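Chemist: I have a structure I would like to understand better, so I am pasting it below and will then ask my questions one at a time.
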Amino acid sequence: MSIKMPEKFKIYFWDVNWENVKKNPEHYSSFIIARLADKGDVEQVKWLKAHYPIKKIIQSVIQVRFVSDKTKNFWKNYGKAV
1 MSIKMPEKFK IYFWDVNWEN VKKNPEHYSS FIIARLADKG DVEQVKWLKA HYPIKKIIQS
61 VIQVRFVSDK TKNFWKNYGK AV
C-alpha cells in the first residue's frame, strides 16, 4: 500500500523532520497514526480510516506513550463498537 501524506498535515509533525515522515509513511505508520488520532480532528480521522485498518489504528494509539488517555479510551471503545 502506497500512502501519500497530505502537505497540510505538516502542522501535526512540528517536532520531527516532516520530509522523513512524508517520504517514509510506511516506516513511521504507528507514529503518524498516533499523532493524527491524538492531535487531529475529523478530517484526519477520516484520512486515517481510509488509509489504515481500524485494528492498526487502535493498536498504534494504545501502544504509543504520548497519546492522551482520552484518545486511547475513544479508540478502545470505537474498536468494540465496530
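Numbering (this note's numbering), first residue to last: 1 to 82. From the three backbone atoms N, C-alpha and C, an ideal C-beta is built for every residue, glycine too. Values in this document were obtained by computation on a predicted structure and should not be read as measured data.
Indicate whether Ile11 and His51 have their beta-carbon atoms separated by less than 8 Å.
Modeler: On the sequence shown, position 11 is the one that residue 11 refers to. On the sequence shown, position 51 is the one that residue 51 refers to. Cβ distance not < 8 Å, so Ile11 and His51 don't count as in contact.
Chemist: Shortest alpha-carbon distance to Gln5 belongs to which of Ile32, Ile62, Gln63?
Modeler: The sequence position of residue 5 within the sequence shown is 5, counting from 1. The displayed chain sequence assigns Met, not Gln, to residue 5. If we check each option's Cα against that of Met5, Ile32 comes out closest.
Chemist: What are the uninterrupted segments assigned as alpha helix (DSSP H) that are 4 or more residues long and contained completely in the segment 41 to 81, given in chain order?
Modeler: If we require 4 residues or more, the alpha helix (DSSP H) runs fully inside the segment 41 to 81 come out as 42 to 51, 54 to 63, 69 to 81.
Chemist: Quick one: what does DSSP say Asn20 is sitting in, helix, strand or coil?
Modeler: Here the question's residue 20 lines up with position 20 in the sequence shown. Three-state result, Asn20: helix.
Chemist: For Val21, which residues of its own chain have a beta-carbon under 7 Å away from its beta-carbon, when the five flanking residues on both sides are left out?
Modeler: Along the sequence shown, read from residue 1 onward, the residue named residue 21 stands at position 21. For Val21, where only same-chain residues beyond five positions count, the Cβ hits under 7 Å are Met5, Phe13, Tyr28, Ile32.
Chemist: For Arg65, count the other beta carbons within 10 Å of its own beta carbon; 16 or more makes it buried, fewer makes it exposed. Which is it?
Modeler: Working through the sequence shown from its first residue, we reach residue 65 at position 65. Exposed, because fewer than 16 other Cβ atoms sit within 10 Å of the Cβ of Arg65.
Chemist: Lys23 to Phe9, Cα distance in whole Å?
Modeler: Numbered from 1 along the sequence shown, position 23 holds the residue referred to as residue 23. Numbered from 1 along the sequence shown, position 9 holds the residue referred to as residue 9. Cα-Cα distance, rounded: 13 Å.
Chemist: CB-CB under 7 Å to Gln59, same chain, minus the five flanking residues each way: which ones, in chain order?
Modeler: Numbered from 1 along the sequence shown, position 59 holds the residue referred to as residue 59. If we look at Gln59 and ignore the five residues flanking it on each side, it has no Cβ neighbours.
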